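Enquirer: Residue numbers (the working numbering), protein chains in the order written: chain A, 1 to 283; chain B, 1 to 283. Backbone N, C-alpha and C define an ideal beta-carbon position, used for all residues, glycine too. Bear in mind that the values here come from a model prediction, so they are computed numbers and not experimental data.
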DNA sequence: CTGTGCGTTCTGTAGACAAGAACGGGCTGC
DNA sequence: GCAGCCCGTTCTTGTCTACAGAACGCACAG
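#1: Near residue 23 of chain B, which residues of its chain fall below 7 Å by C-beta distance, leaving aside the five closest residues on each side in sequence?
#2: Rounded to the nearest angstrom, what separates residue 85 of chain A and residue 204 of chain A at their Cα positions?
#3: Nearest to residue 213 of chain A by CA position, among A:160, A:29, A:177, A:89, is which residue?
#4: Check whether the Cβ atoms of residue 76 of chain A and residue 46 of chain A sit closer than 7 Å, and answer yes or no.
#5: Here's a check: name, in chain order, each residue in its chain whose Cβ is nearer than 7 Å to the Cβ of residue 280 of chain A, leaving out the five neighbours to either side.
#6: Where in the stretch 121-181 of chain B do unbroken runs of the beta strand (DSSP E), each at least 3 residues long, occur, reported from the N-terminal end onward?
#7: Restricting to Cα atoms, I'd like to know which of A:184, A:94, A:173, A:102 is closest to residue 52 of chain B.
#8: Can you grab the Cα-Cα spacing for the pair residue 62 of chain A / residue 92 of chain A, in whole Å?
#9: Quick check: residue 232 of chain A and residue 249 of chain A, are their CB atoms within less than 7 Å of each other?
#10: Anything in chain B within Cβ reach of residue 279 of chain A, meaning under 7 Å, just list it in chain order.
#11: Does any residue of chain A have a CB that is nearer than 7 Å to the CB of residue 158 of chain B?
#12: Is the Cβ-Cβ distance between residue 165 of chain B and residue 210 of chain B less than 7 Å?
#13: Look up residue 267 of chain B in the DSSP assignment and say whether it is helix, strand or coil.
#14: I'd like to know if residue 137 of chain B contacts chain A, where contact means its C-beta is closer than 7 Å to some C-beta of that chain.
#15: What's the gap between the Cα of residue 266 of chain A and the Cα of residue 218 of chain A?
#16: What does residue 108 of chain B reach in chain A if we use C-beta pairs closer than 9 Å?
#17: Would you say residue 49 of chain A faces chain B, with C-beta separation under 7 Å as the test?
#18: By the 9 Å beta-carbon criterion, what residues does the stretch 80-92 of chain B contribute toward chain A?
#19: Considering only their Cβ atoms, is the gap separating residue 192 of chain A from residue 201 of chain A smaller than 7 Å?
#20: So which residues on chain B does residue 142 of chain A lean against when the C-beta distance must stay under 7 Å?
#21: I need the boundaries of the alpha helix (DSSP H) containing residue 61 of chain A, first residue and last residue.
#22: For residue 190 of chain A and residue 143 of chain A, what's the separation of their Cα atoms in angstroms?
#23: Which same chain residues end up closer than 6 Å to residue 183 of chain A when comparing Cβ atoms and leaving out the 5 residues on each side of it in sequence?
#24: Please name the residue, chosen from A:278, A:277, A:272, that lies closest to residue 126 of chain A on a Cα-to-Cα basis.
#25: Where residue 117 of chain A and residue 141 of chain A are concerned, what is the direct C-alpha to C-alpha distance, given to the nearest angstrom?
#26: Which of helix, strand or coil does DSSP assign to residue 260 of chain B?
#27: At 8 Å on the CB atoms, spell out the chain B contacts of residue 36 of chain A, in chain order.
#28: So, is residue 70 of chain A buried or exposed, given that buried needs 16 or more other C-beta atoms within 10 angstroms?
#29: If distances are taken between C-alpha atoms only, which option among B:55, B:72, B:122 comes closest to residue 276 of chain B?
#30: Using a C-beta cutoff of 7 Å, does residue 44 of chain B count as contacting chain A?
#31: Do you know offhand how far residue 38 of chain B's Cα is from residue 137 of chain A's?
#32: For residue 170 of chain A, tell me which candidate among A:97, A:244, A:156 has the shortest Cα-Cα distance.
#33: Going straight from the alpha carbon of residue 94 of chain A to that of residue 60 of chain A, what length do you get?
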């Protein structure tokens, strides 16, 4: 008999939630699958290894790294190359920009992105601070759009990267706009690691903080993810809808602090969020 | 005996080229592979189908579309979901933003992108026209960065999309900065389809045009890819290096025409390219 | 309560995929 | 210039994977 790998109560909690909360009619499923395709995983391992590696890699190096035979690596790379996901330059392999195509098309379908994009550009230009839009994706916060300040600092995260929700301002704003049990779900499945000493690691402490965020519609982050980086964020909800998002500004603490951060910037973030919401629900 | 699938003389041309042109020491290999992994192709088919479909899809719909059994679809989707490439919402599947992560990390490693980005932003803001950076990737032109004009028109292509080189200004600029035989290579493998009536489809005619582009370091495009869309572009070369790129401005013909396009905008494009080149080779 | 349609699980089997050996071309150093 | 090495590719063989199809369970509709 096939031994089912553990999926700890997530199944039952899904049913519970659907029964209890009628408002939330969509639910992200996150149990661990029983049957997976090895070949696909190998291909993805290769692609991801190539992306992580700064320099192009050869077949032998990849085979050593992933602990598979050279022929396997070769065949998988050939497949990925035929599909345009990998480029072969002089018997070295490197990732192509195909994923950027896939990714930007996926992003383009998000209503929040469409509505928020130009507003983010405007806010970034007006305040000359780095402005970000996050969406919720399977227990994580994902920056979908980053409008950078004209000079100086760039954030250390990328568009599309999955970040834990409890360590940054947009993440907290997103958490605050979720239903109580959905928050529990997220907290269950993410271990509240603490990148810096400022990080909140106690679930209860976090929930109290979230209540404050919910009241003010503003979340702050003070060096909880990266040392010396602070931020403000506010949720952008699309009530009839599926995606939960948040808009924020972040930067080094020596640029953002005091009344400038807590009043000036915060005010601009809130009014930008309002404009986005109008665009989003108005038409 | 295994019957080798046709790879029409590209093998021998590679060796020829390496012998003849010492300056070009890197070469993109584009023969068709002999052994490919079916499972990987199925997974990619699924992912791409999900991306192309506007709405989330169910297992049965995907199985029908791709003509495989439901269980196969289910297993592949489980794998993709476990790896974060697909999100399951209420027994419907949709693509995640993981590819955006992969793609933006790949893009971030390109020196041209790093150097050009802010210059593109500046040019787009100064001229208030849509500004693009293209790179060469396996016989195609790929927009790596698009800085849009503040309002109105958006280009119909995406970041990361592979576009034919002969139908747009950046493409022609890239072709013009390649060696003669490399151009032949590209023209061999791309069928010179004509999206509009303005498109050049004769290889010889195109080559003559390219000579002009090489002399002026400027390429124009007048509605050859999309009806009513024109553009200017200039190559951005990184001599010691691997990547060939081009910088351009494009937009609807009623915005860009006459001396405004051919002198004002062209001048700004050229001077921006110069700045980028300085940043790129200077340090 | 029955019927239909869906996602998921399960099982047998055909055949694809992995391993490893062998090939061949390019490079280095003597 | 030749020998040795390294690396990418090809090829073959056996095993175990990944596929098809059936069965299951659940939800919803009539």
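Expert: So, to answer that:
#1: Its pLDDT being 36, under 50, residue 23 of chain B is placed unreliably by the model, and the measurement read from it follows with that caveat. Correct list: empty, nothing qualifies.
#2: 44 Å
#3: A:177
#4: yes
#5: 111, 112, 115, 238
#6: 130-137, 140-147
#7: A:102
#8: 10 Å
#9: yes
#10: Here the premise fails: no neighbours, minimum Cβ distance about 14 Å.
#11: yes
#12: no
#13: helix
#14: yes
#15: 8 Å
#16: 158
#17: no
#18: 80, 81, 82, 83, 84, 85, 87, 88, 89, 90, 91, 92
#19: yes
#20: 97
#21: 59-66
#22: 18 Å
#23: 175
#24: A:272
#25: 17 Å
#26: helix
#27: 75, 78, 79, 82
#28: exposed
#29: B:122
#30: yes
#31: 29 Å
#32: A:244
#33: 14 Å
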